[in-house]
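Student: With my numbering, letter number 315 in the sequence shown gets 315, and the count goes up by one each step, no holes. All C-beta atoms in this analysis are idealised placements derived from N, C-alpha and C, irrespective of residue type, glycine included. Fair warning: this is a prediction, and the values are worked out from it, not measured in the lab.
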Amino acid sequence: MTSQTVPQRTAQSITDAGQALETAHRLATEFSPGAAERDSQRRLPVTELAELFASGLGGITVPREFGGPALSNRVLAQVIVILSQADASIGQVPQNHYYALEVLRVNGSKRQQQRLYQEALAGVHFGNALAEFTSKAAHQRSTALSRHQGQWHLNGQKFYATGALYAGRIPTAALGEDGKEQLVFLPRNTPGLTITDDWSGFGQRTTGSGSVALNHCPVDEEDIVPFQTAFERPTPVGPLAQIMHAAIDQGIAKAAWQDMLQFVRTRSRPWIDSGVEQASDDPLTLDRIGKISARIQAGDALLEVAGEAVDAAQRHSDAQSVAEASIEVARARAWTTEVSLAAGNLLFELAGSRATVQEYNLDRHWRNARTHTLHDPVRWKYPAIGNYVLNGVLPPRRGTL
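#1: Looking only at its own chain, which residues have a Cβ that is under 7 Å from the Cβ of Trp335, when we skip the five neighbours before and after it?
#2: Using the C-alpha atoms, what's the distance from Glu308 back to Phe31?
#3: What residue range is occupied by the uninterrupted beta strand (DSSP E) comprising Lys158?
#4: Where do the ends of the beta strand (DSSP E) carrying Ile224 lie?
#5: For Glu177, count the other beta carbons within 10 Å of its own beta carbon; 16 or more makes it buried, fewer makes it exposed. Which is it?
#6: When DSSP labels each residue in this structure, what does Phe133 get in the three-state scheme?
#7: Tell me Pro171's beta-bridge partners as DSSP assigns them.
#8: For Phe126, which three-state DSSP category applies?
#9: Which residue comes first and which comes last in the alpha helix (DSSP H) that contains His97?
#10: Using only the alpha-carbon positions, how far apart do Gly208 and Glu119 sit?
#11: At 4 residues or longer, and completely inside the region 366-401: list those alpha helix (DSSP H) runs for me, N to C.
#12: Any chance the region 258-265 sits against the region 37-44, with 3 or more Cβ pairs inside 8 Å?
#13: Can you find a CB in chain C that lies within less than 7 Å of the CB of Gly275?
#14: Hey, Ala323 and Pro270: beta-carbon distance below 7 Å or not?
#15: Unbroken beta strand (DSSP E) runs of length 3 or more, entirely within the region 251-325: which are they?
#16: For Ala319, does the count of other Cβ atoms within 10 angstroms reach 16, so buried, or fall short, so exposed?
#17: My output table needs one value for Leu49: the three-state DSSP class, helix, strand or coil.
#18: Thinking Leu214 and Thr172 are a contact (beta carbons under 8 Å), I'd like their distance in whole angstroms, please.
#19: Would Val264 pass as a contact of Leu350 if the rule is Cβ separation under 7 Å?
#20: Evaluate Pro283 with the Cβ neighbour count: other Cβ atoms within 10 Å of its Cβ, from every protein chain shown; 16 or more gives buried, anything less gives exposed.
#21: Is Pro218 helix, strand or coil by DSSP?
#22: Which term fits Ile272, buried or exposed, when burial requires 16 or more other beta carbons within 10 angstroms of its beta carbon?
#23: The alpha helix (DSSP H) with Leu27 in it runs from where to where?
#24: Any idea what DSSP makes of Ile243, helix, strand or coil?
#25: Is Leu76 helix, strand or coil when you go by DSSP?
#26: Closer than 8 Å by C-beta to Ala11: which residues in its own chain qualify, once you throw out the five before and the five after it? Chain order, please.
#27: Answer with buried or exposed for His375, where buried requires no fewer than 16 other C-beta atoms within 10 angstroms of its C-beta.
#28: Mind checking which residues open and close the alpha helix (DSSP H) that includes Ser40?
#29: In three-state terms, what does DSSP make of Ile248?
#30: Rounded to whole angstroms, what is the Cα-Cα separation between Glu338 and Gly91?
#31: Less than 7 Å between C-beta atoms, sequence neighbours within five positions excluded: which residues of the same chain meet that for Ala384?
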């Protein structure tokens, strides 16, 4: 029997980019006031994420042939920036959802696409159980599918399962009997599936990025989508995954920037040697703010270029178009990584000692940036960019560049 997952609330329908961005801004306005308290108390955004997926944003990348609006990756990146600026943890949670939908687009059968895309449009949230904590290398997997008397079962242990705590389905990376990776769209209520809220990172504290245990979980064959082959041939799966990570960092940078401006205007005091009455007139402060302003705006521009490159790779996927998309996204990701960390640090330099008072919880921006930017090291992105530009060497096809 084919599995079916029903959302807690039926989602609204979003049909165009303007509606998607308007919805993202509306939700951001609702989510932003509670972000500092959710972080400091580690209060999970269960209600907020239910609202997000009921808004229809979870279906904005569904192809038109399956009833979705198929919005561009430029718009998708903007949506993620808006949500991440309001609350970086909330902004990160949908990343794996859209990633799973792209794997489904490039590798799913028509029957799988029809069924799972309808769930996404209805408001079902797809989480993730990809990474494992115990292997020697980050890319190694031991979670595996096995078949006995015609029934598939799944066994393994996952960590960094961002969003799984909140999701209706948990797309899970597992080795098939042929040794190739599959993506199992596992329903949340599957027997033997245990999700544990044991994420204790000092940043991105409410992403629910904890453990998933899989103990002889029965699997419907129709829920198994090929995964490894999405990287054995040119597809936009990798750059699409990464542009959303770049957008998360851009949102974090903007949140730190916004709080920095507000604090300097209203609470900071001028330095004794500045010769001015207000911190906002300090010439050295103005210099630093001008520089970080330019860097943040450059992040928006890089994301726009990267989004257009991913769109082009989706329209026509070959080795060159996917490589170009990967490089443009790597540029954006490397840049927003550095800017998000810089903005979180500069906030305290310019706002002063008073900004470190715990009640403001302004350190969450740096903590969020430092935690999230560890996902894929920048030190591996710049050499790939340089090798492509200088030597014409295509970058590796994977979801981490």
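Tutor: Based on what the coordinates show:
#1: Ala298, Gly299, Leu302
#2: 29 Å
#3: 151-158
#4: 224-226
#5: exposed
#6: coil
#7: Phe185
#8: strand
#9: 88-107
#10: 22 Å
#11: 381-391
#12: no
#13: Annotation note: the requested chain C is absent from the structure, which comprises a single protein chain.
#14: no
#15: none
#16: exposed
#17: helix
#18: 7 Å
#19: yes
#20: exposed
#21: strand
#22: exposed
#23: 17-31
#24: helix
#25: helix
#26: Phe53, Ala54, Ser55, Gly56, Gly58, Gly59, Leu121, Ala122, Gly123
#27: buried
#28: 35-41
#29: helix
#30: 18 Å
#31: Ala330, Pro395, Leu401
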